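If you use our numbering, the sequence shown corresponds to residues 93 to 341, in order. Cβ atoms here follow ideal geometry from the backbone N, Cα and C, with glycine treated the same way. These numbers were taken from a predicted model, which means no experiment stands behind them.
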Amino acid sequence: MKMKIGSMTLDVLPPVKRYMNAIERRLNTDRKTRTRIMMELASDFQSRRENGQSDEAIMKELGSPAEVAAEFNAAFGAKPAPSRRRWAFVALAAVVVLIAALQPLLTQFLARIWWSPEAVGVIGGADGPTAIYVTDNASQSPAWALPWLLGCAAGFLLPVWRDPHARSGYGAPLLLCGLGLLPLFIVTLMTFSLSFSGMLSAAEIGSLFVSLAAGFFTNGEWLCAVVLVWALAARRRASREKGGGKKES
């Protein structure tokens, strides 16, 4: 099997090809520098072969693909490129903004088609706390989009996109997630307070918690919660790896 690297062609077996490809994937340099590095590596590999070394011995002496790539990245001062997957949060935020912008028109359109006086009467005759929650969700206020946008911003700013083992840089994502979950936290405390005050029946309390659960998924708080747990787990894992490294040394 032949492997073309720049202007060079190297006779390789599948293990060597996988080894070379693994090194190239881990290089964080620009394309021109990456090609030059791989040509130098292929030339060194061929030279060692001519000196009688086997492919297995050469790969063992050079080190693992991660080690070889790390040496070149350090030599050229190349920093890891952020993962493109983080842009999914930007796309989601754009969709949320578009929906929030079109919501007044959409609400008016649906009101003319579906809403009836009977439905409005049901909302108007609901229990106090429940009525407040329902009418707030049914309003045209774009405030519902805020947790979505805060969650998207937090997800985009996670340091794991640049370094999966990052030990710092979690402050901004955690703060944004906390702000996104703060209204839900306050409303939940108020609901618990009402439930223990004896002012509401069991059915009314159940209705309130169902409304809270519905709002958690429709208003974007769930996204803030997911990113919050993700950030805390990544930071804890990085701290453990750092502690394990100190013990080994």
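**Helix, strand or coil at S331 [DSSP, three-state]** = Here residue 331 corresponds to residue number 239 of the sequence shown, with the count starting at 1. Three-state DSSP puts S331 in a helix.
**Request:** Starting from the C-beta of L271, find all residues in its chain whose C-beta is less than 7 Å away, skip the five residues before and the five after it, and write them out in chain order.
**Result:** Reading the sequence shown from its first residue, position 179 is the one you call residue 271. Excluding residues within five positions, the ones whose Cβ falls inside 7 Å are L242.
**Request:** Between the Cα of V189 and those of E148, W236, N165, S156, spot the shortest distance and give me the residue it belongs to.
**Result:** Counting from one through the sequence shown, the residue named residue 189 turns up at place 97. Each of E148, W236, N165, S156 was checked against the Cα of V189, and the nearest Cα belongs to W236.
**Asked** Should F201 be labelled buried (16 or more other beta-carbon atoms within 10 Å of its own) or exposed?
**Response** On the sequence shown, position 109 is the one that residue 201 refers to. Residue burial annotation: F201 is exposed, with fewer than 16 other C-beta atoms found within 10 angstroms of its C-beta.
**Prompt:** Rounded to a whole number of angstroms, what is the C-alpha to C-alpha distance between A317 and P174?
**Reply:** Translated into the one-based positions of the sequence shown, residue 317 becomes position 225. Translated into the one-based positions of the sequence shown, residue 174 becomes position 82. If you take the alpha carbons of A317 and P174, they lie about 23 Å apart.
**Prompt:** Quick one: Cα of R118 to Cα of A330, how far?
**Reply:** Taking the sequence shown and counting its residues from 1, the one referred to as residue 118 is at position 26. Taking the sequence shown and counting its residues from 1, the one referred to as residue 330 is at position 238. Computed Cα separation, rounded: 20 Å.
**Request:** Confirm, please, whether the CB-CB distance from P157 to Q195 is below 8 Å.
**Result:** Walking along the sequence shown from the start, residue 195 turns up at place 103. Walking along the sequence shown from the start, residue 157 turns up at place 65. It is not a contact, given that the beta carbons lie outside the stated cut-off.
**Item:** Start-to-end residues for the alpha helix (DSSP H) that takes in A149
**Value:** In the sequence shown, the residue the question calls residue 149 occupies position 57. It spans 147-154 - the alpha helix (DSSP H) in which A149 sits, taken as one unbroken run.
**Prompt:** Per DSSP, what kind of secondary structure is L133 in: helix, strand or coil?
**Reply:** Residue mapping note: residue 133 aligns to position 41 of the sequence shown, counting from 1. DSSP places L133 in helix when its eight states are reduced to three.
**Request:** Kindly provide the ranges of any beta strand (DSSP E) runs that are 3 or more residues long and lie completely inside the stretch 237-274, ordered along the chain.
**Result:** None, since the stretch 237-274 contains no complete beta strand (DSSP E) of that length.
**Asked** Nearest to S135 by alpha carbon, out of K124, C244, I150?
**Response** Position 43 of the sequence shown, counting from 1, holds the residue named residue 135. It is I150.
**Request:** Mind checking which residues open and close the alpha helix (DSSP H) that includes M291?
**Result:** Along the sequence shown, read from residue 1 onward, the residue named residue 291 stands at position 199. Where M291 is concerned, there is no enclosing alpha helix (DSSP H), given that its DSSP letter is neither H nor E.
**Whole-Å CB distance - F164 paired with I191, under 8 Å assumed** = Here residue 164 corresponds to residue number 72 of the sequence shown, with the count starting at 1. Here residue 191 corresponds to residue number 99 of the sequence shown, with the count starting at 1. In this structure, F164 and I191 do not form a Cβ contact; the two beta carbons are roughly 46 Å apart against a cut-off of 8 Å.
**Asked** Do you know whose CA, among E296, P275, W253, lies nearest K171's CA?
**Response** Walking along the sequence shown from the start, residue 171 turns up at place 79. Answer by Cα proximity: W253.
**Prompt:** Taking the alpha helix (DSSP H) that M107 falls in, what are its first and last residues?
**Reply:** To locate residue 107, count along the sequence shown from 1; it is residue 15. According to the sequence displayed, residue 107 carries Pro and not Met. Per DSSP, P107 is one residue of the alpha helix (DSSP H) stretching across 106-118.
**Asked** Should M112 be labelled buried (16 or more other beta-carbon atoms within 10 Å of its own) or exposed?
**Response** On the sequence shown, residue 112 is found 20 positions in, with the first residue counted as 1. Taking all protein chains in view, the Cβ of M112 is crowded by 16 or more other Cβ atoms within 10 Å, so the residue is classified as buried.
**Prompt:** In whole angstroms, what is the alpha-carbon distance linking A161 and V319?
**Reply:** As a first step, residue 161 must be located in the sequence shown, where it is residue number 69. As a first step, residue 319 must be located in the sequence shown, where it is residue number 227. For A161 and V319, the distance between alpha carbons rounds to 30 Å.
**Request:** Report the three-state DSSP secondary structure of N311 (helix, strand or coil).
**Result:** For the purposes of this step, residue 311 is identified with residue 219 of the sequence shown, where counting begins at 1. If DSSP states are grouped into helix, strand and coil, N311 belongs with coil.
**Message:** Residues in the same chain with beta-carbon distance under 8 Å from A325, minus the five sequence neighbours each way, listed in chain order, please.
**Reply:** As a working mapping, residue 325 is identified with position 233 in the sequence shown. Here A325 has no same chain residue with a Cβ atom under 8 Å from its own Cβ, once five neighbours each way along the sequence are excluded.
**Message:** Can you tell me whether P234 is helix, strand or coil according to DSSP?
**Reply:** To locate residue 234, count along the sequence shown from 1; it is residue 142. In the structure shown, P234 sits in a helix (DSSP, three-state: H, G or I).
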